[in-house]
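Working notes, beginning with the structure itself.
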């Protein structure tokens, strides 16, 4: 997935959010590490910086992590988030007065949950509050995240440009999480569905006009995602074709009669949209 063009007025917000994309660094033993000898759980209560955190000590960070994995019932370090509170320190002559490691850890949230939290963090960083999030995986494995609440126009931007840029950040975060990357579709207050319906209605009206007049119609500049919706809608119209002309960000869809013979093209034109 290519990086979307970012409106200038949106760049400061994206700059503040970029650091949230990287997963926290942690000292984790590899998968299949052995059972820890020693170490202890300081607190099994949910009293850390968020729900589900425990504090654990051990002679080393790795040992403490193994103890924490056993406590949380996890099989591998990749399934946990770990914060090192105190690194181990050697005592006098490497023997006396030493201090072990102290860490805080919890079960790593599911990707869907983690990305939903990140979406809410993005909204809060933009100054938005009192929001809810509706998220799910569809049958094709795409993660859909839709924020609901007041003031979401700030996250949508002109023709959805800000929304596309934030969706890029969420996909970047998904790609950096453990496991196979999953594609994220980010929406705000159902904007994408409303825009899709409006573009399909526009394509239907323009198609009727082209069929009536026999002349091509050039539409307003659109984003690659919007052009794709129009191309697919025109592809369903018999006897018509479409193509994109111009350079970003002024690239437009042109709807015209399909060639009746020769090698000039076929109905449907560039429906997948060349970007």
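Residue numbers (this note's numbering): 632 to 906.
Where a beta carbon is used, it is the ideal one built from N, C-alpha and C, also for glycine.
The model shown is predicted, which means the values in this text are computed figures rather than measured ones.
Item, Value
"Pairwise C-alpha distance: residue 703 and residue 737", "7 Å"
"Unbroken stretches of the alpha helix (DSSP H), 4 residues or longer, contained in the stretch 814–865", "822–844"
"Distance between residue 741 and residue 686 (C-alpha atoms, nearest Å)", "21 Å"
"Inter-residue spacing [alpha-carbon to alpha-carbon] between residue 716 and residue 692", "10 Å"
"Environment of residue 720 [buried if 16+ CB atoms lie within 10 Å]", "exposed"
"The stretch 802–814 contacting the stretch 740–755, beta-carbon criterion three pairs below 8 Å", "yes"
"Where residue 762 falls: helix, strand or coil (DSSP)", "coil"
"Cβ separation of residue 807 and residue 852, assumed to be a contact under 8 Å, to the nearest whole Å", "About 32 Å; that fails the 8 Å criterion."
"Supposed close pair residue 840, residue 870 - CB separation, criterion 8 Å", "Contact flag wrong, Cβ pair sits at about 13 Å."
"Assigned exposure category for residue 829 - 16 Cβ within 10 Å defines buried", "exposed"
"Selection from 847, 746, 827, 846 that minimises the alpha carbon distance to residue 858", "827"
"Reduced DSSP category for residue 714 - H, G, I as helix; E, B as strand; rest coil", "strand"
"Proximal residues to residue 747 (C-beta, below 8 Å), its chain only, five neighbours per side dropped", "764, 766, 776"
"For residue 732, the residue or residues it bridges with in DSSP", "689"
"Exposure of residue 712, with buried meaning 16 or more beta-carbon neighbours within 10 Å", "buried"
"Cβ shell of residue 868 (< 6 Å), same chain only, five flanking positions each side left out", "838"
"Same chain only: Cβ atoms within 7 Å of residue 710, ignoring 5 sequence neighbours per side", "738, 739"
"Span of the beta strand (DSSP E) around residue 876", "871–876"
"Straight-line Cα distance separating residue 844 from residue 888", "10 Å"
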